[in-house]
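Here's the structure we're looking at; comments come further down.
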Amino acid sequence: MHNRIKTVLALALALPAVAGCSKTPRDRLQGRWNGEAIENVPGDQLAKATGWVKGTAIEFNGSKVTVTVPAETPRSGTFKVTKSDGDQVTVAFLRPEGGRDEAEFRFATDQTLRWEIGAGRAIVLSKALKN
């Protein structure tokens, strides 16, 4: 019985520490995200757009990012989260030659990311499993 009380006390003391360790938006982005689907495109363009999306990937590694899209050489640079509001995240991609691009993302879950590309469209990405 005495050991059980110690175990319960240890768990009670550890839970606030674990609960306080929530991931930052930058931490949540880390890893490789593979294109899965596209939302809100006309039916006659859906097959072609989905094929393109499935060849798309974004990999966040520390402060570095590599964006891969079909028929183009992957582009690498750095990134920073410029705005975060709940599951909404704005990311600035900093180009090596100067300049920057911004993108809007929303975490649907920790494993699903929606890349808001405008006109009510979004690319749905899923987090790749670690090897």
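At position 1 of the sequence shown (counting the first as 1) the number is 0 in numbering that gives the first Met the number 0, and the numbers step up by one without a gap. For each residue, glycine too, the CB sits at the ideal point set by N, CA and C. Note that this is a predicted model, so its numbers are computed, not measured.
Exposure of residue i, with buried meaning 16 or more beta-carbon neighbours within 10 Å
i	result
R27	buried
L112	buried
L45	exposed
A118	exposed
V17	Legend: pLDDT at V17 = 39, less than 50; position of this residue unreliable, value from coordinates given subsequently. Exposed, since its Cβ has fewer than 16 Cβ neighbours within 10 Å.
Beta-carbon contacts of residue i that lie in its chain and below 7 angstroms, excluding the five residues immediately before and after
i	result
V40	A48, R120
P24	V80, S83, V88
A91	F78, K79, T81, R99, E101
Beta-carbon separation (whole angstroms), residue i vs residue j, contact threshold 8 angstroms
i	j	result
A127	N60	Wrong, their Cβ atoms sit about 12 angstroms apart, outside the cutoff.
Reference residue i, options the options, closest by Cα
i	options	result
T89	K129, G76, G98, F104	F104
E115	G97, G42, D86	D86
R94	G76, E101, A107, K63	G76
6 angstroms CB neighbourhood of residue i in its chain, flanking five on each side removed
i	result
L12	Only weak support is given to the placement of L12: the predicted model assigns it a pLDDT of 37, under 50, and the question is left unresolved by the model.
G30	K126
T55	G34, V68
Nonlocal neighbours in the same chain, by C-beta distance under 8 angstroms from residue i, ignoring five residues either side
i	result
A36	T49, V52, I122, V123
Contact with chain C by residue i, beta-carbon distance below 8 angstroms
i	result
S125	Checking the listed chains, one finds no chain C in this structure; it contains a single protein chain.
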